[in-house]
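Quick notes on the structure that follows.
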Amino acid sequence: MADWKDGFLKYKGENIRKVNAQRIAQSRPDLCGVPILDGAGVLFSAASEAHGEPRSCYNCNFYNYEKSCRLMEPSLIIKKVTIPLKPEASSKPIEYWPVCGYWVYGQPNYGPAESVAKLDPDNAGLGWVNAPETGQERSGTSCGGANGGDDCDLWLTDEPDKRQVKNGFCRVLQHDTGNLDCCSAWQDDDWVTWQEVQERLKEVKG
Ligand code: SF4
């Protein structure tokens with residue numbers, strides 16, 4: 001006969017096998033498919049947290065202005081680059097802006113470079129994104145690329161020009177987000193890796 005205390009069943013030795021079997025069943029991977037991430041899972045930041053600006057190192061608190069990032073190896077040069085770095089008559093120069101998943105809105109450090117950590121740039125998601133024009137005051141990432149930014153390939157809209165759209169569907173979060181929202185899962189086929197930028201900057205230095 002079951003033994004109850006304060007409305008709860010008191011387990012005895014003979015109940016343990018059944019309880020363990022239930023625990024195993026509950027912790028098995030389910031067959032529902034890929035888990036849907038929430039905002040915390042992709043370091044989501046709302047448009048209001050970015051003051052309506054696209055995200056780049058140039059409006060990030062961790063940035064040592066035109067030098068490096070406080071969170072990464074100080075020898076990694078982090079600044080806008082224009083590719084081709086050496087102008088060639090046949091190609092239009094495109095300006096690329098640096099950004100990573102640890103972006104936090106704020107003023108860069110304009111003084112001597114500081115360092116508080118040495119994160120792996122691959123794990124931090126460091127890379128360079130192309131601005132629609134050279135010489136803009138702000139560029140960088142957001143879901144829809146409004147206000148001079150670059151849009152995310154995972155943001156779906158019916159309109160051909162995403163920059164004109166207020167809301168769109170995020171394939172990662174599986175719900176609508178705003179044009180100037182963003183997250184660390186942002187993706188674009190024009191992404192330039194940090195390794196490529198470092199190589200190109202070395203070429204220019206000679
Ligand atoms: S559309 Fe892209 S940047 Fe925006 S929340 Fe989804 S994955 Fe992140």
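Read in order, the letters of the sequence shown are residues 1 to 206 in this note's numbering.
Idealized CB from N, CA, C, for every residue including glycine.
Residue environment, residue i, which counts as buried when at least 16 other CB atoms sit within 10 Å
i    : result
L119 : buried
I78  : buried
P84  : exposed
V19  : exposed
G149 : buried
R171 : exposed
W4   : exposed
Y11  : exposed
A25  : exposed
S27  : exposed
D6   : exposed
CA nearest to the CA of residue i, picked from the options
i    : options                  : result
E203 : G39, G101, N59 and V81   : V81
L37  : Q174, F62 and N179       : Q174
N147 : E66, D190, R163 and A124 : R163
G127 : S27, Y102, K12 and V42   : Y102
G111 : R17, N61, N130 and K12   : N61
E114 : A21, D3, K5 and K67      : K67
A40  : R17, R200 and A185       : A185
R70  : G52, I94 and Q107        : Q107
S56  : Y105, F169 and D161      : Y105
A117 : Y63, G7 and D151         : Y63
S142 : I16, G33, G13 and A50    : A50
G125 : G52, V42 and Y58         : V42
Nearest-angstrom beta carbon gap, residue j and residue i [assumed within contact, 8 Å]
i    : j    : result
M72  : P121 : 6 Å
F44  : D181 : 7 Å
V99  : G140 : 5 Å
G178 : A47  : 5 Å
R138 : P54  : 6 Å
D189 : D153 : 6 Å
L76  : Q198 : 7 Å
N130 : Y96  : 5 Å
P74  : T134 : The pair is not a contact, with the Cβ atoms about 27 Å apart (cut-off 8 Å).
N109 : Y65  : 6 Å
DSSP state of residue i mapped onto helix, strand, coil
i    : result
V197 : helix
R163 : helix
E95  : strand
Y58  : helix
V204 : helix
S142 : coil
V42  : helix
S68  : strand
G168 : strand
Extent of the continuous beta strand (DSSP E) run through residue i
i    : result
D176 : H175 to G178
N123 : Careful: N123 lies outside any beta strand (DSSP E), inside the alpha helix (DSSP H) at P121 to A124.
I78  : From DSSP, I78 is part of no beta strand (DSSP E); its letter is neither H nor E.
V129 : G127 to N130
Boundaries of the alpha helix (DSSP H) in which residue i is found, first to last residue
i    : result
N147 : Segment: none, N147 is in no alpha helix (DSSP H) and carries neither H nor E.
V19  : I16 to S27
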